[in-house]
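Contents: one structure, followed by commentary.
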Amino acid sequence: MLPAREPDETTGAGETRKPGETSQKRAVSPMSGLLNPVVLRITLRATLGRKRALVFTLIPLVLLLITVALKVVAKSPVWPAEFLGVFGFSVVLPLTALIIGTSVLGAEIDDGSIIHLLATPVSRLSVVISKFAAAAALTILFGAIPEYLAAGIAKGFSDKLSIGLLTGALVAAVAYNALFVMFSVLTTRAIAVGLIYLLVWEGLLGNLIGGVRVLSIGQYSVSVANAIAKTSALNAHLTSSTAIIMAIVVTLVTLGIAARRLSRFALKGEAV
Amino acid sequence: MSAIELSNVSRWYGNVVAVNDISMTIGPGITGLLGPNGAGKTTLLNLMAGFLAPSRGELTVGGRPSWRNPAVFTMLGLVPERDSVYAFLTGFDFVRSSAKLHRLPDPDAAARRAIGIMDMADAQDRRIATYSKGMRQRIKVAAALVHDPQVLLLDEPFNGMDPRQRLQMMDLLEEMARQGRTILFSSHILEEVERMSGTIQVIVGGRLAASGDFRAIRRLMTSRPHVFLVRTSADRALGAALIGRPAVTGVELTPRGLQVRTSDFGAFSREVAGLCRDGDIRLREVLPSDESLESVFAYLVTS
Chain G
1 MLPAREPDET TGAGETRKPG ETSQKRAVSP MSGLLNPVVL RITLRATLGR KRALVFTLIP
61 LVLLLITVAL KVVAKSPVWP AEFLGVFGFS VVLPLTALII GTSVLGAEID DGSIIHLLAT
121 PVSRLSVVIS KFAAAAALTI LFGAIPEYLA AGIAKGFSDK LSIGLLTGAL VAAVAYNALF
181 VMFSVLTTRA IAVGLIYLLV WEGLLGNLIG GVRVLSIGQY SVSVANAIAK TSALNAHLTS
241 STAIIMAIVV TLVTLGIAAR RLSRFALKGE AV
Chain R
1001 MSAIELSNVS RWYGNVVAVN DISMTIGPGI TGLLGPNGAG KTTLLNLMAG FLAPSRGELT
1061 VGGRPSWRNP AVFTMLGLVP ERDSVYAFLT GFDFVRSSAK LHRLPDPDAA ARRAIGIMDM
1121 ADAQDRRIAT YSKGMRQRIK VAAALVHDPQ VLLLDEPFNG MDPRQRLQMM DLLEEMARQG
1181 RTILFSSHIL EEVERMSGTI QVIVGGRLAA SGDFRAIRRL MTSRPHVFLV RTSADRALGA
1241 ALIGRPAVTG VELTPRGLQV RTSDFGAFSR EVAGLCRDGD IRLREVLPSD ESLESVFAYL
1301 VTS
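Sequences listed follow chains G and R, in order. Counted from 1, the first sequence has number 100 at position 100 by the working numbering; the numbering is strictly sequential. Counted from 1, the second sequence has number 1135 at position 135 by the working numbering; the numbering is strictly sequential.
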């Protein structure tokens, strides 16, 4: 995904399609040009301008404050891995991604301003990819980087725990946002669905049933972090190759579903 | 070639039929889509813009189906009814973002042109959040015509406009229609569009109830039976005088006053004052009592 411009007014597969033919092929148009700079810029401004921005700027501050406090008072040598691994990876990162990922597209679908983007020849896949990119970038800024800063304060910035947590946090920022962007296209209650996913699927079932961990973004991110940091305090259960491959698969599949659903985006008339 | 073609298009939601078996062809020029609220006008416009799949029937814009085909927006512009704008952008940024999304070679020039057409240059550097309803409407139109589309769809474009802005907007739409574009707008207020030339399609209850040119509809509107409630110092005397006039088709004495039916709105309003003066009757009040939209549309549909 590079911010390259499409040559002229190419519109995904739309231009070459004959009347009556369905647009299944749009999903395989080349990745270059899928990131639309206008959509990206408007989305960043809109997301930072909403009241929710207050929440996702406060969460990393809380993380950093607690880290500083723990550094002063904590006795146990493994507190950085325990606190940043557990609180950071099961609260800070997923919540930040949930708030941002459900807002980039969901809020515009709710208030109707998405029409401004959809009533143009820009392909729906490109809209989804650009929205996702904005969400992932903001989650890295307000989730992954604060996590790295906290780890740096705790253990030093070149410590393998810090590098591991940063890498795992990047995986979380990407995969969670793909999932939450999909939720926001599929349902108007994306935040509720996302919370249920985090609490019930990852939190409850993930601890009880081993197989669920293979489909848990939280596990992908701590497992990648653990591959570098190598500490049992992170509670990682997957091999790094499983975690990376599954994170990529989940990201691509959820974004594909979101684009497919958005291409069937319908507006209802006043009669209903 | 006609710009928009519908053949036997229906759209339903569960058991509710929003659009019922409509066939129409909309070519270059200006067309009004008229009907009371809830008649299915917005559903029809959404179908045309590809924001809704027909449940049954065929719908094409420029010869191609618009459902699941964003490429249709290279020749189509849509002005939705909802205030769906990015209020944090300035008017200019908003229109320019449209130009960029359309991948126009010179987005700044295209934005300036569209803003100029809509007479919004003075306000273009203010944030849309500070705009009045009429200004938001105009900036939305500017964004929709930034790529100079062959077909422009407008959902209730005159909503929230004052009479001067409305006239200006009508002149603009008629000018674009004269240049060979296809302009389709919806409205639920017949009086809004009285001045317009062109054709109309009347939608009632999801069905195409009538279509024709504006002049014919206007004639029907002025010659339709009107009912007035008239209160005077001598209802019975005025009633006797009124029933002798050809424009009056019925008079009824009610406790609230005289209920007068007329087939000629203009003649009645001219004559009633003269009759009162001649009979030395004090005219206290003349109230139209049958002006609901539904009754006007119902009349148009049955005649």
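We treat Cβ as the ideally placed atom computed from N, Cα and C, and that holds for glycine.
For chain G, is any of its Cβ atoms less than 8 Å away from the one on residue i?
i         : result
R:PHE1088 : yes
R:ASN1046 : yes
R:PRO1036 : no
R:ARG1068 : yes
Is the shortest distance between the beta-carbon of residue i and the beta-carbons of chain R less than 8 Å?
i        : result
G:SER184 : no
G:THR139 : no
G:PHE265 : yes
G:ILE257 : no
G:LEU105 : no
G:SER130 : no
G:ILE283 : Beyond the ends of chain G as shown, which are 1 and 272, falls residue 283 of chain G; an answer cannot be given.
List the residues that DSSP assigns as beta-bridge partners of residue i.
i         : result
R:MET1024 : R:LEU1006
R:GLY1257 : R:THR1254
R:TYR1013 : R:VAL1016
G:THR47   : Bridge partners of G:THR47: none, in fact.
R:SER1186 : R:LEU1033
G:GLU202  : G:GLU202 pairs with nothing; no bridge assigned.
R:GLY1077 : R:LEU1152
R:GLU1285 : R:ARG1231
R:LEU1059 : R:LEU1006
R:THR1262 : R:HIS1226, R:VAL1248
In three-state terms, what does DSSP make of residue i?
i         : result
R:SER1051 : The question names Ser, but residue 1051 of chain R in the sequence shown is Phe. R:PHE1051: coil per DSSP, three-state reduction.
R:ARG1166 : helix
R:TYR1131 : coil
G:ILE257  : helix
G:LYS237  : It should be noted that the sequence gives His, not Lys, for residue 237 of chain G. G:HIS237: coil per DSSP, three-state reduction.
R:ASP1093 : helix
R:THR1199 : strand
G:GLU6    : Low local confidence applies: a pLDDT of 39 at G:GLU6 is under 50, so the model's placement there is unreliable, with the coordinate-based value given in what follows. G:GLU6: coil per DSSP, three-state reduction.
G:ARG189  : coil
R:ALA1210 : strand
R:ARG1215 : helix
G:GLU82   : helix
G:HIS116  : helix
R:VAL1146 : coil
R:ARG1064 : strand
Would you report the Cα separation of residue i and residue j, rounded to the nearest angstrom?
i         : j         : result
G:GLY112  : R:MET1118 : 23 Å
R:SER1055 : G:PHE56   : 42 Å
R:PHE1265 : R:LEU1220 : 11 Å
G:LYS71   : G:VAL253  : 41 Å
G:GLY33   : G:SER126  : 8 Å
G:GLU82   : G:ALA258  : 35 Å
R:THR1130 : R:PHE1158 : 19 Å
G:ARG52   : G:LEU65   : 21 Å
G:SER274  : G:PHE157  : Only positions 1 to 272 of chain G appear in the structure, and residue 274 of chain G is not among them; the question remains open.
G:GLY85   : G:SER162  : 10 Å
R:LYS1041 : G:ILE140  : 45 Å
G:ILE245  : G:GLY168  : 14 Å
R:ARG1068 : R:SER1289 : 47 Å
R:VAL1230 : R:LEU1287 : 6 Å
R:LEU1145 : R:ALA1087 : 19 Å
G:VAL250  : G:ASP110  : 25 Å
G:GLU202  : G:VAL92   : 14 Å
G:ALA154  : R:GLN1137 : 55 Å
R:LEU1076 : R:LEU1045 : 12 Å
R:GLY1062 : R:ALA1071 : 11 Å
G:TYR148  : G:PHE180  : 23 Å
G:ASN226  : G:ALA150  : 17 Å
G:ARG189  : G:LEU198  : 14 Å
Could you tell me whether any Cβ in chain A is nearer than 8 Å to the Cβ of residue i?
i         : result
R:LEU1190 : The structure shown contains no chain A; its protein chains are G and R.
Scan the segment 1139-1157 of chain R for residues whose Cβ lies nearer than 8 Å to a Cβ of chain G and list them as they occur along the chain. ALA1143, ALA1144
When you check each C-beta in the segment 30-64 of chain G against every C-beta of chain R, which residues fall closer than 9 Å? ASN36, PRO37, VAL38, VAL39, ARG41, ILE42, ARG45, ALA46, GLY49
Can you list, in chain order, the residues of the segment 220-237 of chain G whose Cβ is nearer than 9 Å to any Cβ on chain R? none
To be precise: take each residue of the segment 1097-1130 of chain R, compare its Cβ to all Cβ atoms of chain G, and keep it if any distance is under 8 Å. Which residues remain? SER1097, SER1098, LYS1100, LEU1101, HIS1102, ARG1103
Relative to chain G, which residues along the segment 1250-1272 of chain R have a C-beta separation below 7 Å, given in chain order? none
Which residues of the segment 1070-1086 of chain R have a Cβ closer than 7 Å to any Cβ of chain G? Give them in chain order. PRO1070, ALA1071, PHE1073, THR1074, LEU1078, PRO1080, ARG1082, SER1084, VAL1085, TYR1086
Using a Cβ-Cβ cutoff of 8 Å, what residues of the segment 1047-1066 of chain R are near chain G? List them in chain order. ALA1049, PHE1051, LEU1052, ALA1053, THR1060, GLY1063, ARG1064, PRO1065
Could you list the residues in the segment 105-126 of chain G with a C-beta less than 8 Å from some C-beta on chain R, going in chain order? ASP111, GLY112, SER113, ILE114, ILE115, HIS116, LEU117, LEU118, ALA119, THR120, PRO121, VAL122, SER123, ARG124
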